[in-house]
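These notes are about the structure you will find just below.
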Amino acid sequence: LTSISEPDTPSHFKQALGHPAWKQAMTEEIQALDQQGTWTLVPSPPNTNIVGCKWIFKIKKNADGTISRYKARLVAQGFSQEYGLDYEETFSPVVRHTTVRLILGLAVNFQWELRQLDVKNAFLHGELQEEVFMKQPQGFVDSQYPNHVCKLQKSLYGLKQAPRAWNAKFTGYLPTLGFSVSHSDPSLFVKKTEVAVVILLLYVDDIIITGSDPSLVTSVIQALSEVFELKDLGKLKYFLGLEVQYHSGGKIFVNQAKYARDLIKKASMDTCKPCSTPSKPHHQVLKDEGTPLPNPTLFRSIV
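Quick look at the structure:
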C-alpha cells in the first residue's frame, strides 16, 4: 500500500466503522486480548471504580513512509483510575539516548550486527497487583452479559501502572538468560560468556540487540520468543526517531531526516520552498513582535 490509498486515521470508534481495514484491526486486537487472557467478565461489583476504555487508531509506517499495517489498540482510560484503589507505583525506566548512541558506536567499532525487535502487545504481559475493573469495549459488548464488566487479569495499555508492570515482567526474565543490568542505565542489559558478549537495549517494547557472536544473539532471541511474542525487524533501521543507514566498510550514518520530514508535514509546511538560511543574520527577535500562534504546542514541538 502507498500513501495514495491511505484512509484518514479515525479519531473515534464510529468513524472507524466506515473502513474495513480498521474493523479488521479492531477484531485482531480483541482476538489478541482474548488469547492473552487479559480479562474475565464478571457482574459489576457495587461501590467499585469502573475504568472506561476507548479505541485508538494508528497507521504504522515503514522507514520509507509506506504503510506497514493498520493498528487498532484498546486502551484503558487511566485518568479515571483512583490512586490507592486500583493503582499505586507508576514509574518505568527507558533507555537513554546517550546509551543508544554509545552502543551504536561500539557495534560499528567491533563490526557487530545491530538487530531490532518489537514485542507485540507488550503491556498485556504485565501482571497486575491491584484489582482493576473496566467497561466492555465499544463494538464488542458480550450479547449474553451486556451489563458485566471486565475484571483485568493482565495489564492493559492506558493503565497508569501498565508500563511499570510490563517492564518488571520483561526485566525480571532477563536474568534467567544470563543478563545483568547496567549500573549506569537500568534499560541496558549485558550477557557475558567466556568468549562472547550480548548487549540488549529496551525502550518500552522496542529492543536493540547486538553482540560479538551472531549465533549467541540468535539463541537469545529464540529464548525470548518462547516467552514473549516478538517481531524480528531484522537489521536496525529506525529507532526513536533515528534513521540508521549502512555504508561500505562497516560504517553507519545516523540521521533524523524522516523525523524532520514528519514534523514539517505535521506543521503543514511540506509544500513550502526550502531556504538554506531561513532567518536574516543578526536578526533580533522581540518578545512582543508578531501575533501569538494559535497552537503553541505545535510550534514548540517543531523547534
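Oh and the sequence shown: position 43 is 43 in the UniProt record's numbering, straight run, nothing missing. Virtual Cβ for every residue (Gly too), placed ideally from N, Cα, C.
Query, Result
"Coarse secondary structure for Gly211, derived from DSSP in three states", "strand"
"Residue ranges of each beta strand (DSSP E) within the region 28-97, 3 or longer", "39-42, 53-61 and 67-76"
"For Gln15 and Ala72, the rounded distance between their alpha carbons", "13 Å"
"Three CB pairs or more closer than 8 Å across the region 149-159 and the region 120-127", "yes"
"Beta-carbon proximity check, Ser106 vs Val254, cutoff 8 Å", "According to the sequence provided, residue 106 is Leu. The question's Ser does not apply to it. No; because the gap between Cβ atoms is not below 8 Å, this pair is not in contact."
"Three-way DSSP call (helix, strand, coil) for Leu224 in this model", "helix"
"Nonlocal neighbours in the same chain, by C-beta distance under 7 Å from Lys227, ignoring five residues either side", "In the sequence as presented, Lys is not what sits at residue 227; that position holds Val. Here the set comprises Tyr173."
"First through last residue of the beta strand (DSSP E) which encompasses Phe189", "Leu188 to Lys192"
"Option in Thr271, Ser182, Lys251 and Lys258 with minimal Cα separation from Val95", "Ser182"
"Span separating the alpha-carbon of Val42 from that of Cys53", "16 Å"
"Nearest neighbour of Ala76, chosen from Arg69, Ser248 and Trp55 [CA to CA]", "Trp55"
"Distance, Arg115 Cα to Gly178 Cα", "19 Å"
"Minimum C-alpha distance to Lys160 - residue among Ser219, Lys58 and Glu82", "Glu82"
"Spatial distance of residue 306 from Ile67 (CA atoms)", "Nothing can be reported for residue 306: it is not among the residues displayed for the chain, which extend from 1 to 303."
"Exposed unless 16 or more other CB atoms sit within 10 angstroms - verdict on Glu29", "buried"
"Cβ distance (whole Å) where residue 307 is taken to contact Val119 below 8 Å", "Given a span of 1 to 303 for the chain in the structure shown, any question on residue 307 remains unanswerable."
"Three-way DSSP call (helix, strand, coil) for Gly290 in this model", "coil"
"Cβ-heavy atom distance, Lys154 to the ligand HEM, below 7 Å", "Of the ligands one can find in the structure shown there are none, so the ligand HEM has no counterpart to examine."
"Residues that DSSP places opposite Leu242 in a beta bridge", "Phe239"
"Cys150 burial status per 10 Å Cβ neighbour count (16 or more: buried)", "buried"
"Alpha carbon of Ser44 to alpha carbon of Thr38, nearest angstrom", "17 Å"
"Per-residue DSSP class, three states only, for Asp8", "coil"
"C-alpha distance - Glu89 paired with Arg164, whole-angstrom precision", "8 Å"
"Same chain, Cβ closer than 7 Å to Ser212, neighbours up to 5 away in sequence not counted", "Phe110, Trp112, Ala196 and Val197"
"Any beta strand (DSSP E) of 3 or more consecutive residues that is wholly inside the region 108-137", "115-119"
"Inter-residue spacing [alpha-carbon to alpha-carbon] between Glu243 and Ser143", "47 Å"
"Backbone CA spacing between Asp206 and Ala162 [nearest angstrom]", "15 Å"
"Residue interval of the alpha helix (DSSP H) (run including Tyr259)", "Ala257 to Lys266"
"Under the three-state DSSP convention, the category Ala173 falls into", "The identity of residue 173 in the sequence shown is Tyr, whereas the question assumes Ala. Looking at Tyr173 - three-state DSSP - the assignment turns out to be helix."
"Ser180, enclosing beta strand (DSSP E) - first and last residue", "Phe179 to Val181"
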